[in-house]
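Beneath this line is the structure, given in C-alpha cells, with notes to follow.
There are 2 protein chains.
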Amino acid sequence: MFQSQLFTKTQKEAPKDEEAINAKLLIRGGFVDKLMAGVYTFLPLGLIVLKKIENIIRDEMIKAGGQEILMPTLHPKRIWESTGRWEMMDDLYKLKDKSGKDFALGSTHEEVITPLMKKFIISYNDLPKYVFQIQNKFRDEPRAKSGLLRTREFIMKDLYSFHSNEKDMEDYYDEMKVHYKNIFDACGIGRETFITFASGGSFSKYSHEFQTITEAGEDKIFLCEKCKIAVNSEIIDNQNSCPECGNKDLIEKKAIEVGNIFKLKTKFSDSFELKFTDKDGLDKDIIMGCYGIGPARVMGAIIEVHHDENGIIWPKNIAPFQVHLLSLGKNKKSEKVYNSLKKQGIEVLYDDRDDSSAGEKFTEADLIGIPYRAVISEKTGDKIEIKKRCQKDIKLINEKELIKML
Amino acid sequence: MFQSQLFTKTQKEAPKDEEAINAKLLIRGGFVDKLMAGVYTFLPLGLIVLKKIENIIRDEMIKAGGQEILMPTLHPKRIWESTGRWEMMDDLYKLKDKSGKDFALGSTHEEVITPLMKKFIISYNDLPKYVFQIQNKFRDEPRAKSGLLRTREFIMKDLYSFHSNEKDMEDYYDEMKVHYKNIFDACGIGRETFITFASGGSFSKYSHEFQTITEAGEDKIFLCEKCKIAVNSEIIDNQNSCPECGNKDLIEKKAIEVGNIFKLKTKFSDSFELKFTDKDGLDKDIIMGCYGIGPARVMGAIIEVHHDENGIIWPKNIAPFQVHLLSLGKNKKSEKVYNSLKKQGIEVLYDDRDDSSAGEKFTEADLIGIPYRAVISEKTGDKIEIKKRCQKDIKLINEKELIKML
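As you go down the protein sequences, you meet chains Y and U in turn.
Here the first sequence is numbered in our numbering, starting from 4 and rising by one per residue.
Here the second sequence is numbered in our numbering, starting from 4 and rising by one per residue.
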C-alpha cells in the first residue's frame with residue numbers, strides 16, 4: 004500500500020485523556036480513533052491487525068470443530084428474564100423501542116444460543132456440537148480507561164459447546180486449553196500468557212482464565228514459575244498454593260485477562276429446558292461449556308507487551324504489513340522494489356511521500372512498528388538497507404536477498 | 004463439509020409468523036433463525052452466503068479506492084445534536100448508561116466519519132479520500148415483517164467520499180454507479196436491478212437508488228424499459244417521465260431498494276466545520292457523498308428473485324457451496340468423490356447422512372438451492388448423476404467430467 008494514499012496520519016503527541024500505553028501508541032500510529040471513553044473506531048491499519056487476530060482465532064476454532072454463526076446485538080427482555088440475568092447483570096445496557104418494548108444489548112450470548120440449539124438438538128446423535136461467533140458485545144463499563152483493554156463496545160469470539168455428559172464436556176474443555184495456547188502463541192504473547200485458576204461461579208469449582216502479564220493489567224494473579232500456571236487473586240484465599248504442584252511460593256503479578264473458559268454445566272440448559280433423548284430413550288440435560296476471547300483486547304495486550312519508547316513492535320503474524328519500505332529523496336529504485344515485493348505477495352507499506360524528511364520517516368516507521376524496515380536512497384546505491392524493528396543492526400542487502408528474507 | 008456434522012436441520016414447515024418468501028425459505032433451509040421481529044441470527048450456511056456478498060462488495064469498494072475502517076455502534080448524544088438529527092431521526096434507538104448519559108445506536112455514520120476525517124484532512128493534497136465500512140446498524144422499525152428485507156438490526160456497507168469540489172464529487176458519484184452495477188451483476192440480480200431517481204432531500208435535486216424488481220418489494224417505481232432506469236413513486240409527481248429520454252410511458256413495478264447513493268454536498272461538513280486549505284491558501288468546505296448497500300437485504304432480494312416452489316436457487320457467486328453431493332444408500336464411491344472435489348478446492352456440501360431417504364435428500368437439496376446436485380448411488384455405477392438446480396435435465400458423467408464442469 005502507498006502510504007501517501009492512506010488517509011490517516013501519525014501524531015507526535017498522544018491525546019491527554021489516554022493513560023494506557025496501548026491507547027497512546029494506537030492513536031498516535033493511526034490504528035484507532037477514540038469516539039468516547041471505551042468506544043473506538045478501527046482505522047485502516049488497525050482493522051488489518053484486528054482481522055489478522057480474528058482469523059488466527061477463527062482458524063483455531065474451526066480446528067476445534069466449531070461452526071461459525073452470527074447472533075444479534077438486540078435481545079428481547081424475555082430471554083434475559085428466563086435466566087434471571089435481566090436484573091442480575093449490572094453492566095447490561097437496556098433500552099426501549101418506540102412502542103415501549105424492552106431490549107438489552109448483548110453482553111454475552113448464552114440467552115440466545117441455548118434456545119437456538121433447542122430447535123436443532125433432539126437426540127444423542129446430535130451431540131456434541133460446537134458453535135461460535137466473532138461479534139460485537141456491549142457492557143456498561145464505568146471504568147473504561149485502559150484503551151483496548153477495557154471498552155464498552157468490543158469484539159468477542161464466543162464458542163459454546165453442547166455435550167451429552169460431563170466427561171465429554173471436561174475432555175473438550177481440556178482440548179480447548181490447547182487451542183487457546185496455540186492462539187496466544189500465534190499472536191506473539193504465548194510466553195507472557197498463563198492459564199489461571201479463577202472463580203467458577205455458583206455452579207463450578209473453577210473457571211480458567213488466560214492472563215497476560217503486563218504492568219497495564221487490572222487483575223492480580225499469583226504465578227507458579229515451575230508449573231507456568233497461576234491463581235487469580237479473587238480465589239487466592241481458598242487456593243493459596245499451586246493447584247498443580249502444591250508450591251506455596253507463588254509470585255504476585257499484574258495481568259490482563261485475554262481469554263476465559265467456563266464450565267456452564269446445566270445452568271443455561273435448565274433455564275431453557277435444553278434436553279436430548281439418550282440411547283435409553285430418556286430425556287436428559289445437555290451439558291454446556293463456553294469459551295471467550297476478545298480479539299481487540301488481545302491487540303491491546305500485544306502492544307502492552309511488545310513496544311519500546313519509540314513505538315509498537317508488532318509480532319510477525321499480526322503485523323499490518325511485513326515490511327515498511329521507505330523511499331528517501333528522489334530515486335528510481337524504490338517503486339521498482341515495491342512492485343517486485345507486491346508481485347511476490349509480500350505485504351508492504353510503501354512510504355512514497357516526498358514531503359517528509361528522512362528523520363520523520365524513521366520516527367514514524369518506529370511508531371507504526373512493522374517487523375522489517377527497508378530503506379532505499381541515493382546513498383544505498385544498488386542495495387537496500389534493512390533493519391528489524393526489534394533490533395539495532397542495519398544490513399545492506401540486494402533485492403533478491405530481501406525477498407528471500409521476507 | 005459433511006452435512007451430518009452441520010448442527011442445523013431443514014424444516015418442512017415455515018414459521019407461521021413469517022410472510023415473506025425470503026424469510027420462509029431461509030428459515031426452512033437453516034440459513035437464519037429468527038430471534039424476534041426484524042432480528043435474525045445467521046446460521047452456518049447463511050453466514051457463508053452473507054460473507055460472499057460482503058466480499059463482492061468489499062472488493063468493488065477497494066477497486067473504487069475505498070479504505071476500510073470499522074466505526075462503533077454506540078454514539079454519544081452530542082454528535083447527533085451537532086447535526087440536529089438527535090430529535091429529527093425518528094428511527095434512532097436511544098439509551099442511557101448507568102450514569103445517565105445519553106447514547107444512540109448508529110443507524111448511519113455521517114456523525115462519526117465527518118469529525119473523524121477532520122483530524123486527517125488538512126489541505127487539498129489530502130483530497131479526495133474514500134472511506135468505507137461493513138458494519139452493523141440499528142433502526143427502530145415498527146414494520147419489520149419482510150424477512151431480511153426490512154430488519155431492526157442489519158449489516159450495511161457505507162462508503163463516504165470527501166472532495167475538494169462538486170465536479171470531483173459528481174465524477175466519483177457517476178463512477179460509483181458503475182461499481183454498484185458490477186456488484187448487483189456479481190450477486191445475480193443485475194437484470195432485475197435498476198438505477199432509480201429518488202428524492203435528494205433538502206440539499207440535492209435527486210439521489211439514486213438501486214431497486215430490485217420483485218413482488219415482495221415495498222417501494223413503487225416507474226420503469227422506462229428503453230433506458231433501463233426508473234423513477235421512485237415518491238418523486239413521480241415532479242418527474243413523470245424518463246429523466247433520460249423523456250418517455251412518459253413508464254411501467255409501474257414493485258421493488259426493493261438494495262442500495263442508494265447520495266450527494267451530501269456540505270450538509271455534514273457544515274455541521275462539523277470540515278474544511279480544507281486550497282491551493283490559494285483559503286479554507287473551503289469539503290464536499291461529501293455517501294454510498295450504501297445492505298448485504299443482508301441483498302441476500303433477501305436474491306431469494307425473492309431466484310426461487311421456485313421447492314426452494315432457493317442460489318446464483319453461482321454467492322451460493323454457500325458449488326455442489327451438493329448426495330450419497331444414496333451404502334456405497335463406497337461417494338466419500339472418494341467428495342475427497343477429490345475437496346482436493347480440487349471445490350466447495351462441496353456432502354450429504355453423507357444415512358438416516359435420510361433419497362426423497363428426503365432430494366427435497367432438502369432443492370430447498371437449500373446449491374447450483375449443482377450430484378447424486379451417487381449403487382444405481383449410478385461408475386458414473387455420477389448431475390443436475391443443475393435451475394434446470395430439469397439429468398446427466399450421467401464421470402468424476403473427471405464433474406470436476407471439469409465445476
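All C-beta atoms in this analysis are idealised placements derived from N, C-alpha and C, irrespective of residue type, glycine included.
Q) Where in the stretch 301 to 380 of chain Y do unbroken runs of the alpha helix (DSSP H), each at least 4 residues long, occur, reported from the N-terminal end onward? A) 336 to 346 and 361 to 371
Q. Using a C-beta to C-beta distance shorter than 8 Å, which residues of chain Y count as neighbours of phenylalanine 5 of chain U?
A. Per Cβ cutoff of 8 Å: no residues; phenylalanine 5 of chain U is ~11 Å from chain Y at best.
Q: Spatial neighbours of glutamate 228 of chain U within its chain, please: CB distance less than 7 Å, with the 5 preceding and 5 following residues excluded, ordered by chain position.
A: Ile254
Q: Let me know if phenylalanine 206 of chain Y comes out buried or exposed under the rule of 16 or more other beta-carbons within 10 Å of its beta-carbon.
A: exposed
**Q.** Alpha carbon of glycine 203 of chain U to alpha carbon of tyrosine 176 of chain U, nearest angstrom
**A.** 13 Å
Q. So which of Y:Ser164, Y:Ala304, Y:Gly284 and Y:Asn168 has the shortest CA-CA distance to threonine 215 of chain Y?
A. Y:Ala304
(Q) Please confirm whether tyrosine 276 of chain Y has its beta-carbon closer than 8 Å to some beta-carbon of chain U. (A) In the sequence on display, residue 276 of chain Y carries glutamate and not tyrosine. It does not; no Cβ of chain U falls within 8 Å.
Q | C-beta neighbour in chain U for glutamate 156 of chain Y, strict 8 Å | A | yes
Q. Could you give the residue range of the beta strand (DSSP E) that holds tyrosine 294 of chain U?
A. 290 to 296
Q: Using a threshold of 8 Å, state whether the C-beta atoms of valine 261 of chain Y and phenylalanine 213 of chain Y are closer than that.
A: yes
Q) Going by beta carbon distance, what residues of the same chain come within less than 7 Å of tyrosine 96 of chain U, once the five residues before and after it are set aside? A) Ala107, Leu108, Phe141 and Asp143
Q: Spatial neighbours of cysteine 190 of chain Y within its chain, please: CB distance less than 8 Å, with the 5 preceding and 5 following residues excluded, ordered by chain position.
A: Ile56, Ile59, Val301, Ile305, Pro318, Asn320 and Ile321
**Q.** Proximal chain Y residues relative to phenylalanine 10 of chain U, where beta-carbon distance stays under 8 Å
**A.** Gln70, Met120, Phe123, Ile124, Asp129, Lys132 and Val134
Q. For aspartate 240 of chain Y, is the classification buried or exposed, using 16 other Cβ atoms within 10 angstroms of its Cβ as the cut-off for buried?
A. exposed
Q: Check distances from the C-beta atoms of the stretch 367 to 384 of chain U to those of chain Y and list, in chain order, the residues that come in under 8 Å.
A: none
**Q.** Closest by C-alpha distance to alanine 201 of chain U, when choosing among U:Asp174, U:Ile232, U:Asp171 and U:Ile192
**A.** U:Ile232
Q: Hey, could you find the ends of the beta strand (DSSP E) asparagine 139 of chain Y is sitting in?
A: 132 to 141
Q | Interface partners of tyrosine 341 of chain Y on chain U, CB under 9 Å | A | Under the 9 Å cutoff, chain U gives no residues; its nearest Cβ is about 18 Å from tyrosine 341 of chain Y.
(Q) Whole angstroms are fine: how far does the CA of aspartate 171 of chain U sit from the CA of glutamate 178 of chain U? (A) 11 Å
**Q.** Nearest-angstrom Cα separation, counted from lysine 364 of chain Y out to arginine 381 of chain Y
**A.** Looking at the sequence shown, residue 381 of chain Y is not arginine but glutamate. For glutamate 381 of chain Y and lysine 364 of chain Y, the distance between alpha carbons rounds to 16 Å.
Q. Since glutamate 156 of chain Y and threonine 280 of chain U are thought to touch, with beta carbons under 8 Å apart, how far apart are those beta carbons, to the nearest angstrom?
A. 34 Å between Cβ atoms; not a contact.
Q.
Using a Cβ-Cβ distance cut-off of 8 Å, determine whether threonine 76 of chain U contacts chain Y.
A. yes
Q) How about the stretch 328 to 338 of chain Y and the stretch 29 to 49 of chain Y: do they share at least three Cβ pairs that are nearer than 8 Å? A) no
Q: Quick one: give me the first and last residue of the beta strand (DSSP E) that tyrosine 209 of chain Y is part of.
A: 209 to 216
Q) For alanine 40 of chain U, does the three-state DSSP call read helix, strand or coil? A) coil
Q. Where does proline 426 of chain U sit, in a helix, a strand or coil, going by DSSP?
A. Residue 426 of chain U falls outside the range modelled here, since chain U spans only 4 to 409, and no answer is possible.
Q: Report the partner residues of threonine 196 of chain U according to the DSSP bridge assignment.
A: U:Thr215
Q: Give the interface partners of valine 115 of chain U over in chain Y, defined as CB-CB distance under 8 Å, in chain order.
A: Leu38 and Thr44
Q | Helix, strand or coil at isoleucine 400 of chain U [DSSP, three-state] | A | strand
(Q) Output needed for isoleucine 379 of chain U: all residues of its chain with C-beta closer than 8 Å, excluding positions within five of it in sequence on either side, in chain order. (A) Leu328, Leu329, Ser330, Leu331, Asn334, Lys336, Ser337, Val340, Ile387 and Glu388
Q: Note down, in chain order, each residue of its chain lying with its Cβ closer than 6 Å to the Cβ of alanine 361 of chain Y, except the 5 sequence neighbours on either side.
A: Leu331
**Q.** 6 Å Cβ shell around threonine 117 of chain U - same chain, five flanking residues per side excluded
**A.** Phe271, Phe275 and Leu277
Q) Since leucine 119 of chain U is in the beta strand (DSSP E), which residue starts that stretch and which ends it? A) Premise fails: leucine 119 of chain U lies in the alpha helix (DSSP H), 113 to 121, not in any beta strand (DSSP E).
Q: Measure how close the beta-carbons of isoleucine 373 of chain Y and leucine 344 of chain Y come, nearest whole angstrom, since I'm counting them as under 8 Å.
A: That pair is no contact at about 13 Å.
Q. Thinking C-alpha only, which one of Y:Asn235, Y:Gln394 and Y:Ser359 is nearest histidine 309 of chain Y?
A. Y:Gln394
Q) Shortest alpha-carbon distance to threonine 199 of chain Y belongs to which of Y:Asn139, Y:Gln136, Y:Phe265 and Y:Gln14? A) Y:Phe265
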